[in-house]
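Step one of this worksheet: look at the structure below.
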Amino acid sequence: MGFVTEQINGLNTSLYRAFSDNIKERPRRSSLSDMNEAVRTGDKRKFLSLATEAIDLSGSSLPSPNALTKYLNMYREFPKDSNDKELELLLVAKCTFALHGIIQETLLDSTLPLSQSIRYWSRIHGNWGRETYYAVQTTPIRIFRLASKTLREAPIGISALPNHISNLSRKDIIKQLFPYYSRIASTRHIIRSEVYHKRSKLVAFKNQQAARLGLLIQKKPQIDPQSDFDTSYKQVNANLNLLVHILNEISGMNAEKALCHDHQMDKLLSYDFNDNKDMDSLIKVLDDITLVMIPKCEEQYNRVIGIYGKPSFLTRYWAPLTLLYFGGNVAVKYVSRQQDNIKIWMNEAVDTAQDFAIHWLWEPMLKVWDTIRMKDQQLALLSKEGLRSDMESLERMVAEFGRDHYHFTEEQVAQLSSQVREGDLSSVLKAYEEAIKSPVKNAIRGDLIRTLLIQVQKTKVDVDLAMAALDKLLKSNELNFAFLAVAPSMILLWAVGAWIKGTWEKRTGVQVGKLGTPMRDSLREVERVLNQADTRNKDKSGNGLKLSCEQQGLVLCEVHLLRSYARRLPQRNCIREKFIEDLRELENPNYNLEQRFRTIQRMARTWGFLTASQRL
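FYI, this note's numbering numbers position 235 of the sequence shown as 222, with every residue one higher than the one before it.
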């Protein structure tokens, strides 16, 4: 809800207080069918109650001018009488106050394209490259204007056309190509003068609109709940005449010649607009405003924007669109030639992405899950049964060797087996040391080969024990290995996600940063206007400095522009909501200049995108 809507909401409450004695019971609902029924039955009082209730000034939006016209046309079908003059005045007052808000919103909205066009010309003015590009952009329309003017003024007959063209002076040609030039100069200076001329006209028109808006704000409608019928009637009449005066000024100006700064609005603050019209005249004025004056003003806005606003989309982008057309043709031809290769590349890219997702993300994650649930026992180097059988085989080999070589008893054999289990083969090694003294003889007739085979079996058992220890280590770290297998793909996935997130946040930050430049300009304009109050008139009550109509209107226009920019701010952390709260303080006329300056300082401290960049 904006400042204008809040102001009209307060007036709605004052209206019902002023006419509370005449409103016995407010209808619970008000529909068009109910009003048509009241018109058909001739119940004027019921219709007035329904119509005044239908014109809702307490909502977040104001009624449309077409709806007001519809209610007024239905009212005319009743005969004239003075029995319900209070309800009639309430209907007229509601229509007047609704139009007051509609015209304020129209004035505010009309300054948005003005501000955008002013910013467009400001970026071009003084920049040689942009001025040159602007000249290129407008070349076709300049040539078309020159050709059409030449053909219109040429004598009838194609044969006379060359003579007419040859008779055109250089000044005539330049006048058609550059309508805003004032003296013969270089093309660059003519273009710069044209840009400056359009910008200055738009600034003057914006100041005029701001002055009218400020007048409407400072002469807002007032209804005293304690006043009598005649006083309320005069107040409504005066406010309606003020609206007529504002709209006549807008619709009656010359869009090409009369755009200049106007500082006469302040004199109208003390002017009495009451002219003692009767009720029928007020109804007629309301009809004229909704049906004639407001559409004329909108036509005037469009005419000013058409003459001095930024060029149309086609004018601004015909050159890049032409390049895009030819470049697009080349690209389409290349794509058509490489169609088969492009399909292969796309299929390979899709297959690569699928393989990565399945083999490097999905399957490793399933293995981790199976490991956690102890379902996957494949990570093993040696079984327990294999180690036991090798150890028992070694014990039997050593025991038989003890019986055959040393003729051990069973007790000695049992002791020997115990030594083997502890890894002690000293008895076998002693026999090996004796046999190695005569290797050939003992290899053929002795126990050399037998002791060697026992040592081979002992080596195998040692290897099995080492493998068992390693297998135990692997099993204790099986989950770690599973996570280690999936870690590279997860890190890669996280890196891609972080890059996408960073790119998106950077893009949002860049957008907000670009948005900060025009917002800084608007906030600077607000501070500049508030600063100028030091050199303007003071409040007669001695309460401090007072803004003129134009200054008050300019502040509202710039805040309205800031509000339109704020719609593009992110909503996270209530950034947009808090920024709009600051704008409410800036546009509130009940805040004095010091409070508004403190608000601007707080905004500069709080919002980083309002901090000016050091680069120019």
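Positions of the beta carbon are idealized from the N, C-alpha and C atoms, including for glycine.
This one's a predicted model, so the numbers in the text were calculated from it and none came from an experiment.
Measuring CA to CA, which of the options is closest to residue i?
| i | options | result |
| --- | --- | --- |
| S551 | G540, C536, I567 | I567 |
| I294 | L189, V443, I345 | L189 |
| L549 | F84, L99, E73, I281 | L99 |
| L101 | A197, F470, L78 | A197 |
| G540 | K33, I(-5), P426, R199 | R199 |
| L580 | K206, N518, P557 | N518 |
| L229 | I178, W349, K206 | K206 |
| P127 | L457, V231, T302, I237 | T302 |
| R511 | Q588, A318, P426 | Q588 |
| C536 | V291, I478, M252 | M252 |
| H232 | D275, A25, Q341 | D275 |
| Y288 | R559, W491, K193 | K193 |
| L78 | K33, D96, E(-7) | K33 |
| T174 | S380, L133, P307, W115 | W115 |
| V400 | E372, E409, E387 | E387 |
| K185 | L203, V291, A134 | V291 |
| R583 | V542, M22, L37, A553 | V542 |
| Y3 | S214, K565, D327 | S214 |
| L203 | P576, K330, I431 | P576 |
| L573 | K330, S257, T309, L534 | L534 |
| M477 | R324, F313, L49, F343 | F343 |
| S299 | L597, L439, Q222, Q124 | Q124 |
| V182 | D30, S109, Q195, I130 | S109 |
| T277 | I89, S425, S257, P557 | I89 |
Start and end of the alpha helix (DSSP H) containing residue i?
| i | result |
| --- | --- |
| I89 | 72 to 111 |
| P426 | 426 to 432 |
| A418 | 413 to 422 |
| Y258 | Note, Y258: premise wrong, no alpha helix (DSSP H); not H, not E. |
| I276 | Run containing I276: none; DSSP gives neither H nor E here. |
| E24 | 19 to 28 |
| L534 | Careful: L534 lies outside any alpha helix (DSSP H) and carries neither H nor E. |
| F395 | Premise fails: F395 is in no alpha helix (DSSP H) and is neither H nor E. |
| M590 | 580 to 593 |
| E64 | No alpha helix (DSSP H) contains E64, which DSSP labels as neither H nor E. |
For residue i, is the classification buried or exposed, using 16 other Cβ atoms within 10 angstroms of its Cβ as the cut-off for buried?
| i | result |
| --- | --- |
| S219 | buried |
| L603 | Unreliable placement is indicated for L603, whose pLDDT of 38 sits below 50; the coordinate value is still reported in the next sentence. Exposed, because fewer than 16 other Cβ atoms sit within 10 Å of the Cβ of L603. |
| C561 | exposed |
| T0 | exposed |
| M506 | buried |
| W349 | exposed |
| E382 | buried |
| H346 | exposed |
| R585 | exposed |
| M333 | exposed |
| H176 | exposed |
| R437 | buried |
| H87 | buried |
| G503 | buried |
| G(-11) | buried |
| L19 | exposed |
| D377 | buried |
| E545 | buried |
| S268 | exposed |
| A553 | buried |
| I441 | buried |
| G595 | exposed |
| A453 | exposed |
| L605 | Look at the range of the chain in this structure, -12 to 603, and you will see that residue 605 is not part of it. |
| Q341 | exposed |
| H394 | exposed |
Given a cut-off of 8 angstroms, decide if residue j and residue i are closer than it, judged by their beta-carbon atoms.
| i | j | result |
| --- | --- | --- |
| L374 | G389 | no |
| L(-2) | L44 | yes |
| T39 | K81 | yes |
| A422 | D434 | yes |
| Y121 | I178 | yes |
| L55 | A25 | no |
| A5 | I210 | yes |
| D262 | N224 | yes |
| G201 | Q(-6) | no |
| P351 | V473 | yes |
| K264 | S104 | no |
| L35 | E64 | no |
| H392 | A430 | no |
| P52 | I281 | yes |
| V272 | L227 | yes |
Fully enclosed by the segment 288 to 374, which alpha helix (DSSP H) runs are 4 residues long or longer?
300 to 324, 326 to 344, 350 to 359
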